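Visitor: Quick one: the structure is below, and I'll ask about it shortly.
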Amino acid sequence: MFAALAAILMVFVMIAGVVAFFSIVNTLFMAITERKREIGVLQAIGATRGYIAALFAAEAGAIGFLGGLIGFVFGLLLCWIGNIYAAGKWGHILGVSDLFVTPLWLLPLMLLATTLVGALAGVYPAWRASRLDPVVALRYE
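Here the numbering used here runs 39 ahead of the position in the sequence shown, where the first position is 1.
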């Protein structure tokens, strides 16, 4: 029974990861579109393609890291609220005080995973940003 529950939870985590991946890709493509002129200025003053790609890849990693951190904090908050509610409703029946437990060793693992998902999601948009022609980018708008 618990193996089936773990498998179902793993499927939900994978779906959430794919959704996060494409959300970050979409966000970065929008950022590139909105900052096309700034990218052109950076290229005009001598920024290399590698620098521009690294700039957008770092932004994607930061989005993933912050999203993971905010998600972990909200998850802990929801577990705490759920435990307060469950202790009042079912705690005396089940004989437990904490139904929802989040191990703190999970935080660094989860932050690493969300940062990697963010950085990987940023590879293609970063590559596209670095390939913009400075003349076309400066003429944009």
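Ideal Cβ placement from N, Cα and C applies to all residues, glycine included.
Just so it is clear, the structure is predicted and the values come from calculations on it, not from any experiment.
Is DSSP giving ALA86 helix, strand or coil here?
Guide: coil
Visitor: Could you tell me if GLY127 is buried or exposed, where buried requires 16 or more neighbouring beta carbons within 10 angstroms of its beta carbon?
Guide: Exposed, by the Cβ-count rule.
Visitor: Among PHE95, LEU48 and LEU146, which residue has its Cα nearest to the Cα of GLY157?
Guide: PHE95
Visitor: Express the C-alpha separation of ALA92 and ALA99 in angstroms, rounding to a whole number.
Guide: 11 Å
Visitor: Under a Cβ-count criterion, where at least 16 other Cβ atoms within 10 Å of its own Cβ denotes burial, should GLY161 be classed as buried or exposed?
Guide: buried
Visitor: Just how far apart, CA to CA, sit GLY79 and VAL57?
Guide: Using only the alpha carbons, I get a separation of about 31 Å.
Visitor: Leaving aside the five residues before and after PHE60 along the sequence, list all residues of the same chain whose C-beta is less than 8 Å from its C-beta, in chain order.
Guide: VAL156, LEU159 and ALA160
Visitor: Taking the alpha-carbon positions, what's the ALA168 to ILE120 distance?
Guide: 43 Å
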